[in-house]
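Right, one structure below, let's go through it.
Chains as they are written, first to last, in full-length UniProt numbering: chain A, 1 to 167; chain B, 1 to 403.
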């Protein structure tokens, strides 16, 4: 267990950012917050640099796609305060067609490839990223494969049609 | 990281050569490409390209029920696939709120520590090979084989084990498996000791590895390093100690920490971790004796995949088998992040579930992917031969890098 509870963490954040940060929930004890892209770097920097919180470790950056929502693309940050052993999850939702968000590489060097991977899969544009290119897929790919509208199988494939299998 | 002057195109001194290190170079342990600019033998700059075996596991996982994701996790870090398996099943158990019996926890600890040993055997053995010492590698490989034979006894396969189930194991550990485990615990320390005496004060090995690719704790943290690499740099972070899972809090072990963060320190940390793993396995065997010997899974028929012989002979088992495989059992709508200490560092599973047949989104936090991104920046100013040794000390597994 950590050295401060989720309530104390939440109080510190809401003192600093008041209504700009909202709580989504606390699934399995991991405090989950939502904020906007205007605040995200300030929030991350505050969490990292605050002398009591010390979320110095960026565990992960990834994204998620909800096609039915108005703000379709969610960017998700997992931070870990190694000193206090508390984790926190922060989400930022972006509307499709306006998927810009400032880069976290200004705070952590390790964000570089995580953001490239997120761009590669979801097309999230991290403004100010030093080298925003595809990382796992080929450079000339045009789609963003982890979005829900991108099918798992290539629709043009003919060798997997049902009638070849008696269906 | 050292700084080296970067020449411009018009510089009269600019006589750089370009070297493609990889994608299939014998020294790169997998399909990684690094385009290096060399000034003589010194690296001026480098660009890493990955993705040569990208298999879209996260996308495939969105279309499969939980059990069918197990073989995908096997193929992340194939040098220690049981850890991936266990990590995945523990994530699902956390999501479904399943409590596992103590005996399952201890058996899992045994299998995970064996996997860690087999992973470190390869990494440290190959590090020896890269510095020109083949003997140590051969000595150690024999014992990786012994570990694979234990897996074989437990689940029938060796490399991509598919060993876990939600709630426990597919079958119980038999007496032969325990016999092989005890033989391994007797034989391996002798070899490990020999291996250490072969390298630890070996003049050539120490000269080739000491102060090579030294990383400070700040740099390592900034690049989100985990595992032996971070600990070699002096940061005492081990998921097993900090966020214990699978009853690790009951075990008595130390987290080895290095001082310098160089290749030599990483080698020492991994060696020490193998000793600690042996210690944990010994303790787990003692704890196992107090538990009933016939329990090897939690009593959750709606999620635990029944063994094949039951499916063939028992109607109820057949129904459950069908419902589980088709993903008909309702699951909660929530999200969960669970991490285990993989052989390379924190292996995290971020699972967003919407109650459907398969996860809505599954993200693997793969330690190799995150550790490897420092390779090109830190190679700047390094000799080419040092960069090779640095790569083997990072222990990058191509399957985990690409996913």
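Glycine is no exception: its CB is placed at the ideal position from the N, C-alpha and C atoms.
By the criterion of Cβ-Cβ separation under 9 Å, what are the contact partners of residue i in chain B?
i             : result
residue 132/A : Ordered by position in chain B, no residue passes the 9 Å Cβ test against residue 132/A, which lies about 14 Å from the chain.
residue 152/A : 56, 59, 60, 62, 63
residue 28/A  : 94, 95, 334, 335, 336, 337, 338
Compare the Cα-Cα distances from residue i to each of the options and report the closest residue.
i             : options                    : result
residue 68/B  : 400/B, 350/B, 326/B        : 326/B
residue 134/A : 21/A, 121/A, 127/A, 128/A  : 121/A
residue 404/B : 351/B, 335/B, 298/B, 344/B : Because chain B in this structure spans residues 1 to 403, residue 404/B falls outside the shown range and cannot be described.
residue 83/B  : 48/B, 246/B, 268/B, 199/B  : 246/B
residue 54/A  : 35/A, 17/A, 102/A, 13/A    : 13/A
residue 369/B : 20/B, 32/B, 168/B          : 32/B
residue 188/B : 345/B, 155/B, 274/B        : 274/B
residue 159/B : 66/B, 381/B, 248/B, 119/B  : 119/B
residue 343/B : 313/B, 397/B, 141/B, 16/B  : 397/B
residue 80/A  : 23/A, 164/A, 49/A          : 49/A
residue 88/A  : 164/A, 141/A, 46/A         : 46/A
residue 96/A  : 105/A, 67/A, 85/A, 90/A    : 67/A
residue 270/B : 262/B, 77/B, 256/B, 309/B  : 256/B
residue 302/B : 322/B, 313/B, 290/B        : 322/B
residue 219/B : 192/B, 85/B, 231/B, 393/B  : 231/B
residue 37/B  : 21/B, 28/B, 26/B           : 21/B
residue 42/A  : 144/A, 102/A, 126/A        : 102/A
residue 358/B : 55/B, 64/B, 42/B, 53/B     : 64/B
residue 59/B  : 363/B, 384/B, 395/B        : 363/B
residue 56/A  : 17/A, 161/A, 64/A, 108/A   : 108/A
Does the beta carbon of residue i come closer than 9 Å to any beta carbon on chain A?
i             : result
residue 2/B   : Because the pLDDT at residue 2/B is just 49, under 50, the model does not fix this residue reliably, and the point stays unresolved.
residue 395/B : no
residue 37/B  : no
residue 99/B  : no
residue 370/B : yes
residue 374/B : yes
residue 402/B : yes
residue 243/B : yes
residue 361/B : yes
residue 377/B : yes
residue 219/B : yes
Tell me which residue opens and which closes the beta strand (DSSP E) that residue i is part of.
i             : result
residue 42/B  : 42 to 49
residue 111/A : That residue, residue 111/A, is in no beta strand (DSSP E); its alpha helix (DSSP H) goes 111 to 122.
residue 90/A  : 86 to 94
residue 58/A  : 57 to 65
residue 335/B : 335 to 341
residue 25/A  : 21 to 25
residue 36/B  : 33 to 39
residue 76/A  : 73 to 81
residue 136/A : Run containing residue 136/A: none; DSSP gives neither H nor E here.
List, in order along the chain, the chain B residues whose C-beta lies closer than 8 Å to that of residue i?
i             : result
residue 78/A  : 337, 348, 350, 365
residue 47/A  : Chain B residues near residue 47/A: none, gap ~14 Å exceeds 8 Å.
residue 135/A : 50, 51
Return no unless some Cβ of chain B is closer than 9 Å to the Cβ of residue i.
i             : result
residue 53/A  : no
residue 111/A : yes
residue 58/A  : yes
residue 85/A  : yes
residue 145/A : yes
residue 62/A  : yes
residue 126/A : no
residue 89/A  : yes
residue 138/A : yes
residue 9/A   : no
residue 117/A : yes
With residue i as the anchor, note down where its alpha helix (DSSP H) starts and where it stops.
i             : result
residue 321/B : 315 to 325
residue 228/B : 227 to 232
residue 40/A  : 40 to 49
residue 126/A : That residue, residue 126/A, is in no alpha helix (DSSP H); its beta strand (DSSP E) goes 125 to 127.
residue 167/B : It is not in any alpha helix (DSSP H) - residue 167/B carries neither H nor E in the DSSP assignment.
residue 198/B : 175 to 199
residue 71/B  : 70 to 74
residue 101/A : Careful: residue 101/A lies outside any alpha helix (DSSP H), inside the beta strand (DSSP E) at 100 to 102.
residue 19/B  : Residue 19/B -> not in any alpha helix (DSSP H); beta strand (DSSP E) instead, spanning 17 to 21.
residue 31/A  : Per DSSP, residue 31/A belongs to no alpha helix (DSSP H); it is in the beta strand (DSSP E), 31 to 35.
Along chain A, in chain order, which residues have C-beta atoms closer than 9 Å to that of residue i?
i            : result
residue 68/B : Those do not exist, as residue 68/B stays about 13 Å from chain A at its closest Cβ, beyond 9 Å.
Within 9 Å of any Cβ in chain C, is that where the Cβ of residue i sits?
i            : result
residue 33/A : Among the chains of the structure shown, chain C does not appear; the protein chains present are A and B.
Just to make sure I have the definition right: I need the residues of chain A whose C-beta is within less than 8 Å of the C-beta of residue i. Which are they?
i             : result
residue 223/B : 108, 109, 110
residue 357/B : Those within 8 Å of residue 357/B in chain A number zero; the least Cβ separation is about 14 Å.
Report the neighbours of residue i on chain B: residues whose CB is nearer than 7 Å to its CB, in chain order.
i            : result
residue 82/A : 237
Mind listing the chain A neighbours of residue i? Cutoff is C-beta to C-beta under 7 Å, in chain order.
i             : result
residue 231/B : Chain A residues near residue 231/B: none, gap ~12 Å exceeds 7 Å.
Within the region 344 to 395 of chain B, ranges of the beta strand (DSSP E) (whole runs, at least 3 residues): Listed in chain order, the complete beta strand (DSSP E) runs (minimum 3 residues) inside the region 344 to 395 of chain B are 346 to 352, 361 to 365.
As an exercise, report each continuous alpha helix (DSSP H) stretch of at least 4 residues that is fully enclosed by the region 96 to 164 of chain B, in chain order. 102 to 130, 135 to 155
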